[in-house]
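Working notes, beginning with the structure itself.
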Amino acid sequence: MAKNVALFFDGTWQVPDMDLEDGDTNTNVSRLYQAVADNPMAEGGTVKRYYHGVGSDLHWYDRLVAGATGLGLSEILVEAYVELVELLRPDDRLFLFGFSRGAYTARSLSGMLHTSGLLHPEHRQLAGRAYALYRDRRRGPQSAEARRFASRYAWVPEIHMIGVWDTVGSLGIPLRSFAAFNRRRFEFHDTRLSPLVRHAYQALAIDEHRKAFAPTLWSPQTTTSTLEQVWFPGAHSNVGGGYRDRVLSDVSLDWMMGRACEQGLPLLPDSRPLLGSPPREDDIIDSYQRFLSRLYRLISPRRYLRRIGFASFGNETLHPSVATRRIALHGYRPANPIHPRLAATPPST
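To convert, count from 1 in the sequence shown and add 1232; that's the working numbering.
This is the structure:
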């Protein structure tokens, strides 16, 4: 009996209902997870799994280390992979969602499936080997070893949809002296969209300016039927969610929910956010400002500018809410440079 299998990966330090002064930490990932109808026994029903963000279950000093270095991502990735071994069957439809470093994890999982395939359940003990094969940059999906491993122990699933908010691909300790260590252990190398993916969507923050949160856009593959990368007003967590003020994050959540529904992932009735609140001057918030503001200024003092629409492979558009905000707030204009061609392209609704 065919079903949907949906995996949700949250961002650094994120866990639903964490009691923080400036937010409830229910990001768009956790809110979408809660909105998806979970009915695995019905024909076309859904099995869903949620994975907390890196460092969410640690003491503050351990959380700081995990958040700064990305430690724990490998464990989450392998855990999700093993769960897929048990859950996914050839007729099922696979959905992957993530925010920030959770988006990194979702995209890494798609790359791991492309390189190593998905193990048959009787070979689940080889998950560590499948991960090592994926992480070895001397080999790729077309290498003889990868093809031999996949044909002997695994099968290659299709990824029906992957939806992410603001993929953070710059992992590691944000100090120049650690650059070589970061590249060796954490650098994100899945910028090319896996040919296993049928529909790919990314919501991006047009007002983010911290270098450690530089986004990783997809470069397209011709076999993918859909690729949309859309810029929304706000900084990193305004777009991905996590604050009580949801005026901005609701917009990208509703957009992603609409795309998920189009691709056959059923949502609970009345689960989509109510839009229409007018923009405000003070609703763009720097994520982690209260927790790491002084430390962040110390290790990354210079302003970083995201270049909007300058990637050579295209597939970028501005969401209509950018124009709406410009009209409502006459002083609003993103500091990040925007390529003129984006103003001439139809908005992504």
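Cβ atoms here follow ideal geometry from the backbone N, Cα and C, with glycine treated the same way. Treat the numbers as computed from the prediction; the structure is a model and nothing was measured.
Bounding residues of the beta strand (DSSP E) (the contiguous stretch that carries residue i)
{"i": "THR1458", "result": "1458 to 1464"}
{"i": "ALA1444", "result": "Element bounds for ALA1444: n/a, residue is neither H nor E."}
{"i": "ILE1570", "result": "Premise fails: ILE1570 is in no beta strand (DSSP E) and is neither H nor E."}
{"i": "ALA1435", "result": "1429 to 1437"}
{"i": "LEU1341", "result": "Premise fails: LEU1341 lies in the alpha helix (DSSP H), 1333 to 1348, not in any beta strand (DSSP E)."}
Which listed residue (the options) has its alpha carbon closest to that of residue i
{"i": "SER1457", "options": "LEU1425, ASP1502, ALA1338 and VAL1237", "result": "LEU1425"}
{"i": "ARG1565", "options": "PHE1464, ARG1339 and TRP1487", "result": "PHE1464"}
{"i": "GLY1541", "options": "MET1273, LEU1436 and TYR1475", "result": "LEU1436"}
{"i": "PRO1427", "options": "SER1342, MET1273 and ASP1514", "result": "SER1342"}
{"i": "LEU1507", "options": "LEU1497, SER1375 and ASP1477", "result": "ASP1477"}
{"i": "GLU1307", "options": "PRO1322, GLY1334, ARG1380 and ASP1324", "result": "GLY1334"}
{"i": "ALA1382", "options": "ARG1356, ARG1370, LYS1280 and PHE1445", "result": "ARG1356"}
{"i": "GLY1490", "options": "SER1509, GLU1460 and GLY1360", "result": "GLU1460"}
{"i": "GLY1285", "options": "PRO1552, THR1337 and ARG1321", "result": "THR1337"}
{"i": "ASP1324", "options": "LEU1550, LYS1235 and PRO1569", "result": "LYS1235"}
Residue i in three-state terms, based on DSSP
{"i": "MET1273", "result": "coil"}
{"i": "PHE1327", "result": "strand"}
{"i": "GLN1374", "result": "coil"}
{"i": "ILE1516", "result": "coil"}
{"i": "TRP1387", "result": "strand"}
{"i": "ARG1478", "result": "coil"}
{"i": "SER1262", "result": "helix"}
{"i": "LEU1499", "result": "strand"}
Same chain, Cβ closer than 6 Å to residue i, five either side skipped, listed in chain order
{"i": "MET1393", "result": "PHE1327, HIS1431 and GLN1495"}
{"i": "LEU1500", "result": "ALA1267 and ALA1269"}
Cutoff 7 Å; reference residue i; Cβ partners in own chain excluding five residues on either side
{"i": "LEU1358", "result": "LEU1351 and TYR1385"}
{"i": "GLU1513", "result": "LEU1561"}
{"i": "ARG1504", "result": "ASP1486 and MET1489"}
{"i": "SER1484", "result": "ASN1260, TRP1397, ALA1435, PHE1464 and VAL1471"}
{"i": "LEU1320", "result": "VAL1237, LEU1326, LEU1350 and PRO1389"}
{"i": "VAL1314", "result": "ARG1356 and ALA1359"}
Host alpha helix (DSSP H) of residue i (start-end)
{"i": "MET1393", "result": "Note, MET1393: premise wrong, no alpha helix (DSSP H); beta strand (DSSP E) at 1391 to 1397."}
{"i": "ALA1238", "result": "Note, ALA1238: premise wrong, no alpha helix (DSSP H); beta strand (DSSP E) at 1236 to 1241."}
{"i": "VAL1279", "result": "Segment 1278 to 1283 is the beta strand (DSSP E) holding VAL1279; no alpha helix (DSSP H) there."}
{"i": "THR1556", "result": "1552 to 1560"}
{"i": "GLU1315", "result": "1305 to 1319"}
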